[in-house]
Amino acid sequence: MHVKVARGADDLLMVYAIRAAVFLAEQACPYAEEFDGNDQCATHFIGFVGSEPACCLRARYFADFAKLERLAVRKEFRRTRVSFDVVRTAVEHVRRKGFRRIYGHARQGVEKFWAHFGAKPLSPGNDFVFSDHLYSEMIAEYDALPDAIGLESGPYVIVRPEGDWDRPGVLESSAERKPRESQQEIVRKARPAARA
């Protein structure tokens, strides 16, 4: 089993296929409620069993917390530990981004799963309903990570691909090239030639 951050269209198609199989087909969730307009502003995680996309999870970011949501596991992979691997990876990812509070909605009956990651009910007894299921708000609080990405991490670390902050990115190799002239310098040099 392995987990990766979705990076391209093919990865997102895997995420959408898993969620459609689980939420639309199995749980009869309406399309507009499942695909709610937040997918293009989120980080998606895909868990694989062998080469098969088996599980996915979405993370979104707010002022002082990250929200983990849309955890879906294909039926044939529910007896594996892929969901634990995906959530563990997502928790570490958002913590590397500097978030110490993680918020989520646990469907009734799976609160104990989220407790494995330190989540507790935000307001016990304050359940709510959406897409025909009962949910509880959950919160997990963590200590700050010493290697969380911040301004002091430097510009090259900050521009590395999402979640791949420990490996040099393509833009670092571009730093070896000589900088181009600024637009102002090009215009300044072109003016005398145009007057002649």
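Add 53 to the 1-based position in the sequence shown for the working numbering, that's all there is to it.
Think of the CB as a built atom: it goes at the ideal place given N, C-alpha and C, for glycine as much as any other residue.
None of these values were measured; they are calculated from a predicted model.
Distance CB(residue i)-CB(residue j) smaller than 7 Å
i	j	result
Phe-98	His-55	no
Ala-73	Arg-127	no
Lys-147	Ala-112	The identity of residue 147 in the sequence shown is Val, whereas the question assumes Lys. Yes, Cβ-Cβ distance for Val-147 and Ala-112 is below 7 Å.
Ala-125	Ile-71	yes
Cys-108	Val-139	yes
Straight-line Cα distance separating residue j from residue i
i	j	result
Met-67	Val-58	12 Å
Tyr-114	Gly-151	11 Å
Thr-142	Ser-189	22 Å
Leu-224	Arg-149	20 Å
Lys-231	Ile-239	16 Å
Phe-76	Glu-234	53 Å
Gly-222	Asn-179	45 Å
Arg-220	Ala-201	15 Å
Arg-131	Phe-137	11 Å
Pro-199	Asp-217	17 Å
Asp-63	Tyr-69	10 Å
Tyr-195	Val-163	21 Å
Ser-227	His-186	50 Å
Pro-83	Asp-92	16 Å
Ser-176	Val-212	38 Å
Arg-160	Glu-87	14 Å
Arg-244	Pro-214	40 Å
Status (buried if at least 16 other CB within 10 Å, exposed otherwise) for residue i
i	result
Val-135	buried
Ala-193	buried
Leu-110	buried
Pro-106	buried
Gly-61	exposed
Phe-183	exposed
Residue-chain proximity (residue i, chain C), Cβ-Cβ < 7 Å
i	result
Arg-134	Absent from the structure: chain C. Only one protein chain is present.
For residue i: DSSP bridge partner residues
i	result
Arg-127	Answer is none; Arg-127 lacks a bridge partner.
Leu-110	Phe-98
Phe-181	Tyr-188
Leu-121	Ala-112, Gly-157
Pro-208	DSSP lists no partner for Pro-208.
Glu-105	Val-102
task = Determine contact between the stretch 205 to 225 and the stretch 170 to 183, defined as no fewer than three beta-carbon pairs at a distance below 8 Å.
result = no
query = How do the stretch 117 to 124 and the stretch 145 to 162 stand: do at least 3 beta-carbon pairs fall below 8 Å, yes or no?
reply = yes
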